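J.: If you read the sequences in order, they're chains B and H.
Those letters in the first sequence? Residues 145 to 261, per the working numbering, in order.
Those letters in the second sequence? Residues 129 to 240, per the working numbering, in order.
Ideal Cβ positions, reconstructed from N, Cα and C, are used throughout, including at glycine.
The model shown is predicted, which means the values in this text are computed figures rather than measured ones.
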Amino acid sequence: GAVVSQHPSWVICKSGTSVKIECRSLDFQATTMFWYRQFPKQSLMLMATSNEGSKATYEQGVEKDKFLINHASLTLSTLTVTSAHPEDSSFYICSARTSGRSTDTQYFGPGTRLTVL
Amino acid sequence: QKEVEQDPGPLSVPEGAIVSLNCTYSNSAFQYFMWYRQYSRKGPELLMYTYSSGNKEDGRFTAQVDKSSKYISLFIRDSQPSDSATYLCAMKYTSGTYKYIFGTGTRLKVLA
Numbered sequence: 145g146a147v148v149s150q151h152p153s154w155v156i157c158k159s160g161t162s163v164k165i166e167c168r169s170l171d172f173q174a175t176t177m178f179w180y181r182q183f184p185k186q187s188l189m190l191m192a193t194s195n196e197g198s199k200a201t202y203e204q205g206v207e208k209d210k211f212l213i214n215h216a217s218l219t220l221s222t223l224t225v226t227s228a229h230p231e232d233s234s235f236y237i238c239s240a241r242t243s244g245r246s247t248d249t250q251y252f253g254p255g256t257r258l259t260v261l
Numbered sequence: 129q130k131e132v133e134q135d136p137g138p139l140s141v142p143e144g145a146i147v148s149l150n151c152t153y154s155n156s157a158f159q160y161f162m163w164y165r166q167y168s169r170k171g172p173e174l175l176m177y178t179y180s181s182g183n184k185e186d187g188r189f190t191a192q193v194d195k196s197s198k199y200i201s202l203f204i205r206d207s208q209p210s211d212s213a214t215y216l217c218a219m220k221y222t223s224g225t226y227k228y229i230f231g232t233g234t235r236l237k238v239l240a
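Here is the structure:
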C-alpha cells in the first residue's frame with residue numbers, strides 16, 4: 145500500500161516551454177501533497193504544500209507564478225514549470241500525506257528528472 | 129546552524145557489518161522522526177517511523193531516538209550490497225503542521 149506515482153519520469157524540453165508533472169496516489173486518498181526539488185548529492189528542498197481544492201502554499205523563495213501547482217482531486221496533484229530555463233533543470237519529487245492512518249507520514253513518488261536545454 | 133545535521137559520508141562498510149547512521153537536531157519541538165532510503169535517481173522510500181523517544185525494530189533495521197540528547201540513529205544489521213543508498217533522516221513538529229525537515233542524507237556503500 146501507499147504507492148505514489150509520477151509522470152513523466154524523465155523529460156527534456158527547450159528553454160521557454162512549459163512542462164507539466166503529474167503526481168498520483170494510487171491506493172489511498174491524499175488530502176495533502178508536497179512538491180520537492182533535489183539537486184545532485186543534496187537533500188530535498190520543499191517547494192510547496194498543496195491541499196485538495198485550495199491554493200498551494202509556497203516556501204519562501206519559490207516563485208508561485210513559475211511553479212504552478214494544482215491539486216484537483218484527492219489522488220492527483222500537478223506541477224507545471226512555466227517558461228522553463230536551464231536553471232530549472234533538476235529532480236522534482238512529490239509526496240503524498242496519508243490521512244486516517246496512525247503513522248500520518250509522507251510517501252514519495254519516484255521523481256521526475258527535468259532537463260531544460 | 130541547521131535544524132537537522134547529518135554527515136553526508138560516504139560511509140563504506142564490508143558486507144555483513146553493522147551500520148550506524150545518525151542525525152542531530154536543535155529544536156526540541158520535533159516529535160516525529162523518520163528514516164528514508166533513497167537509491168540513485170529514485171524517490172525516497174520510508175524505512176522507519178517513530179514517535180518521541182525509544183527504539184523501534186523492523187527486520188534488520190533499528191531506529192533509536194534520544195530526545196534528551198537530540199540525537200537519532202538508524203542501525204542496519206548484516207548489511208548487504210543492496211543496502212547501498214543514501215539514507216535521509218526527517219523530522220516533524222507536533223501535529224498541526226505536516227512539513228518535514230530533512231537531513232542532507234548519508235551515502236552508504238556496502239562492499240561485497
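1) Residues in the stretch 171 to 189 of chain H with C-beta within 8 Å of chain B's C-beta atoms, listed in sequence order?
2) Would you tell me roughly how many angstroms separate the C-alpha atoms of valine 193(H) and glycine 233(H), rounded to the nearest one?
3) Flag leucine 170(B) as yes if its beta-carbon sits less than 7 Å from any beta-carbon of chain H, otherwise no.
4) Starting from phenylalanine 230(H), find everything on chain B with Cβ-Cβ shorter than 7 Å and list it in chain order.
5) Is it true that the CB of methionine 191(B) sits closer than 7 Å to the CB of serine 221(B)?
6) Do glycine 171(H) and proline 152(B) count as a contact pair if the criterion is CB distance below 7 Å?
7) Check the C-beta distance from alanine 240(H) over to glutamate 143(H) and give it rounded, since I have them as a contact under 8 Å.
8) Within its chain, find whatever has a CB closer than 7 Å to the CB of serine 148(H); leave out the 5 residues flanking it on each side and keep chain order.
9) Classify leucine 242(H) as buried or exposed, calling it buried when 16 or more other Cβ atoms lie within 10 Å of its own Cβ.
10) Taking Cβ to Cβ, would you say tyrosine 202(B) is nearer than 7 Å to lysine 210(B)?
11) Pull out every residue of the stretch 129 to 154 of chain H whose Cβ sits closer than 7 Å to any Cβ of chain B, in chain order.
T.: The structure says:
1) Gly171, Pro172, Glu173, Leu174 and Tyr177
2) In the second sequence, counting from the first residue as 1, residue 193(H) sits at position 65. In the second sequence, counting from the first residue as 1, residue 233(H) sits at position 105. Valine 193(H) and glycine 233(H) have their C-alpha atoms some 17 Å from each other.
3) Here residue 170(B) corresponds to residue number 26 of the first sequence, with the count starting at 1. So no, leucine 170(B) is outside the interface.
4) Locating residue 230(H) in the second sequence gives position 102, where the first residue counts as 1. The contacting residues are Ser187 and Leu188.
5) Position 77 of the first sequence holds residue 221(B). Position 47 of the first sequence holds residue 191(B). Result no, Cβ atoms of serine 221(B) and methionine 191(B) do not sit closer than 7 Å.
6) Here residue 152(B) refers to the residue found at position 8 when the first sequence is read from its first residue. Here residue 171(H) refers to the residue found at position 43 when the second sequence is read from its first residue. Not closer than 7 Å, so no.
7) As a position in the second sequence, residue 240(H) is number 112, starting the count at 1. As a position in the second sequence, residue 143(H) is number 15, starting the count at 1. Yes, they are in contact, since the Cβ atoms of alanine 240(H) and glutamate 143(H) sit about 5 Å apart, within 8 Å.
8) Here residue 148(H) refers to the residue found at position 20 of the second sequence. Cβ neighbours of serine 148(H) beyond the five flanking positions: Ser201 and Phe203.
9) The structure shown does not extend to residue 242(H), since chain H spans only 129 to 240, so no value can be given for it.
10) Residue mapping note: residue 202(B) aligns to position 58 of the first sequence, counting from 1. Residue mapping note: residue 210(B) aligns to position 66 of the first sequence, counting from 1. When the beta-carbon positions are compared, tyrosine 202(B) and lysine 210(B) stay at least 7 Å from each other.
11) none
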